């Protein structure tokens, strides 16, 4: 008979295991190479306490036994105190890791040899399900007659199980063997079982005859003693049942099919052991008490069956037959005789989608047992009605009347006993946000607002709170503006920041917005005016959000920006000098590079000088056109007869340099003033005035007045304005 050990508990760092031998359960612990076995776990705990000493002296650094690995299906553990290894597959042995693995190899090979011997030796064939040995308690005077009965029943059980195992062995060979089940196994059982039972029954009759004499001479107390002893054995059987179910469900894992099958087979074997033991106890009591112990015959239907174990064994036995034989056979008959009719719901869906007509629906429903009147009623009732929300919406829109609404409520199965509730909820209440909005705009008074808020289950106190909390508070920017202007002090600012829902935990972050940092442009102007030095410029750049890598470059740009205008003038002077051959190309390139520009800039300066030189040479060769004098050009520009661009072009054609032209235009623009009421303003040119009117900066009347002041007649003004309107698409 196989021995099985499973983990039970841990006491003071030492694992305690439950050892099962048939129906016998013992508790085992291993320590320092020693093994201790007891029938109760408390006894094992006491042994551990004696070995470890007082509780306060026990090691506290962790468990004394740790899991190492799995080897050929056996778990290997190591003692943290001795360093030795052991496994549950070889109880009582401790050694090095290699020695333990050698013992496991020997154990596994021995198991294989035993299986081979079982296949060869037919006389001593072991059953698939081990024979159960009931460990009877120590009994008084009736032990002499109880022992032969137990031996007889054990022999009977062993013969039955061995014979059944031999004949049912093909079941373990695979699903295909199930196909020949009726022809092979059942015939063999019918032929062999009667002779087997005849032989065993004769032996049992002799034993019972010899022992009944001793039973009838017994006294009354022996019944209570047997009853107590058998109750203890049966209680142990219950523990085995519970343990079998617990181990089976745990071994099934997370739905792995292979693990589930193995767990089911192991569970079935354990349950069959208990069932055989239960049968043996029944026989013992019935034979030994002459039927006087009635409680045993009620034990199975009233107690054992409550576990549902008979259904488990039955299901576990029939499951392979059902899946391998019955289900394929049923499928074959279904293919040969396909006469099933879809359910009523499927038939209705077919009619709805016009797959079959209504008459066909009624004919098929007749086959399901429904007469035509019921089929018609089922069809009439299948239509999907509008829900109550849609009916209520139809009432709001005037699609149905109040009377029709009451009738439609019944058709959608609303209980008329609750009409007061249905009708009371017809009035729709706006959401709270809309109620607040209407109260703000004074569409509702406070009393009406409170009443409608109450429809949401909120008390008048909550209505007041909702109203008080709806007001829009100032933003942080508004608060900071008020603080900067002295409207509130710092303490009040801190209070209001909390009221507007700014988290106090981030007060130091919000405080950074109290002051405005200077912009980069302001930093440039402050540096140019000498208000700040280079260090402050760098600090302002960083406070504007630029990272340290870019801050140095931006600071350098700000500091050098004031040189830009003069560097530009320097380049213009270089260009003029190159035009008159005052500088060679190499000198221009060197000067441009020194000014911080790229060599390409010098190339463009040289090209510009060459272009101006070519233009001047061409002018000298061509006949000089009669041009206006410088004074005439000045008068024409001052009277806005020439635009600034035209004036600049004529000056350049007369040989003036670009810098000289800029200076002259600036002087003339400064002289373009008109005295009005003792003050001065810069007068717009005619072109600028017309553009201002085009872009609606001044009115048409203003343009007419300005043009008349500049000497244009009324007709000229009209022609000019009409021309511009057509030119700009204004008419």
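In the working numbering, the protein residues as written are 18 to 748.
Each residue gets a CB set at the ideal place from its N, CA and C atoms; glycine is no exception.
Please read these numbers as outputs of a predicted model, since none were measured by experiment.
Which same chain residues end up closer than 6 Å to residue i when comparing Cβ atoms and leaving out the 5 residues on each side of it in sequence?
i	result
residue 574	none
residue 412	422
residue 549	543
residue 55	44 and 61
residue 572	554, 555 and 558
Check whether the Cβ of residue i lies closer than 7 Å to any heavy atom of the ligand SAH, and answer yes or no.
i	result
residue 564	Ligands are entirely absent from the displayed structure, and the ligand SAH is therefore not among its contents.
To which residues does DSSP link residue i through a beta bridge?
i	result
residue 46	33 and 53
residue 509	Residue 509 pairs with nothing; no bridge assigned.
residue 83	95
residue 22	36
residue 88	91
residue 103	94
residue 538	Residue 538 is not bridged to any residue.
residue 41	38
residue 562	Paired residues: none, contrary to the question.
residue 28	31
residue 441	Paired residue(s): none; residue 441 is not in a bridge.
residue 112	102
Count the other CB atoms, across all protein chains shown, that sit within 10 Å of the CB of residue i; report buried if there are 16 or more and exposed otherwise.
i	result
residue 703	buried
residue 414	exposed
residue 102	buried
residue 724	buried
residue 24	exposed
residue 362	exposed
residue 356	exposed
residue 45	buried
residue 358	exposed
residue 82	buried
residue 596	buried
residue 64	buried
residue 609	buried
residue 435	exposed
residue 510	buried
residue 379	buried
residue 533	exposed
residue 747	exposed
residue 489	exposed
residue 736	exposed
residue 467	buried
Sorted by chain position, which residues of the same chain lie with C-beta nearer than 8 Å to residue i's C-beta, five sequence neighbours on each side aside?
i	result
residue 487	453 and 457
residue 612	584, 587 and 588
residue 79	Summary for residue 79: the model assigns pLDDT 49, below 50, so the residue's position carries little reliability, and this model does not support an answer.
residue 540	549, 553, 554, 557, 558 and 575
residue 36	20, 21, 22, 42, 43, 44, 45, 54 and 108
residue 122	89
residue 433	426 and 427
residue 408	417, 422, 425, 426 and 429
residue 676	586, 589, 590 and 593
Does the beta carbon of residue i sit closer than 8 Å to a beta carbon anywhere in chain C?
i	result
residue 544	Among the chains in the structure shown there is no chain C, since it carries only a single protein chain.
Can you find the residues in the same chain that come closer than 7 Å, C-beta to C-beta, to residue i, ignoring five residues on each side of it along the sequence?
i	result
residue 674	593
residue 68	48
*Contact between the stretch 416 to 433 and the stretch 381 to 393 (3+ Cβ pairs under 8 Å)*: Touching, no.
*Counting Cβ pairs, one atom from each stretch, are 3 or more of them under 8 Å apart for the stretch 582 to 591 and the stretch 552 to 559?*
Counting Cβ pairs under 8 Å, fewer than three are found: no touch.
*Between the stretch 648 to 668 and the stretch 616 to 634, do three or more beta carbon pairs fall short of 8 Å?*
The stretch 648 to 668 vs the stretch 616 to 634: no contact.
_Which complete alpha helix (DSSP H) runs does the stretch 401 to 429 hold, if anything under 4 residues is left out?_
Counting whole runs of 4 or more residues, the stretch 401 to 429 contains the alpha helix (DSSP H) stretches 405 to 413 and 419 to 428.
*Mind the definition here: the stretch 43 to 60 touches the stretch 87 to 101 only if three or more C-beta pairs lie below 8 Å; say whether that holds.*
Counting Cβ pairs under 8 Å, three or more are found: they touch.
*Any chance the stretch 449 to 456 sits against the stretch 474 to 489, with 3 or more Cβ pairs inside 8 Å?*
Because the criterion of three Cβ pairs below 8 Å is met, the stretch 449 to 456 and the stretch 474 to 489 touch.
*Report yes or no: do three or more beta-carbon pairs, one from the stretch 707 to 720 and one from the stretch 728 to 747, lie closer than 8 Å?*
Proximity of the stretch 707 to 720 to the stretch 728 to 747 meets the contact definition, three or more beta-carbon pairs being nearer than 8 Å.
*Residue ranges of each alpha helix (DSSP H) within the stretch 354 to 408, 4 or longer*: Correct list: 361 to 369, 375 to 384 and 389 to 398.
*How do the stretch 104 to 118 and the stretch 81 to 92 stand: do at least 3 beta-carbon pairs fall below 8 Å, yes or no?*
Here the stretch 104 to 118 makes contact with the stretch 81 to 92; the two share three or more CB pairs at distances below 8 Å.
*Tell me the start and end of each unbroken beta strand (DSSP E) in the stretch 452 to 535 that is at least 3 residues and wholly inside, in chain order.*
Within the stretch 452 to 535, no complete beta strand (DSSP E) segment of 3 residues or longer occurs.
*Take every Cβ of the stretch 609 to 625, pair it with every Cβ of the stretch 646 to 659, and state whether three or more of those distances are shorter than 8 Å.*
With the cut-off at 8 Å, the stretch 609 to 625 and the stretch 646 to 659 do not touch.
*Given 8 Å as the limit, is there contact between the stretch 423 to 443 and the stretch 397 to 413, that is, 3 or more CB pairs closer than that?*
The stretch 423 to 443 vs the stretch 397 to 413: in contact.
_Whole alpha helix (DSSP H) elements within the stretch 592 to 644, 4-residue minimum_ = List check, alpha helix (DSSP H) in window: 602 to 611 and 616 to 638.
_Please give me, in chain order, every unbroken run of the beta strand (DSSP E) with length at least 3 that falls completely inside the stretch 681 to 747._
Taken in chain order, the complete beta strand (DSSP E) segments of 3 or more residues contained in the stretch 681 to 747 are 690 to 693 and 696 to 699.
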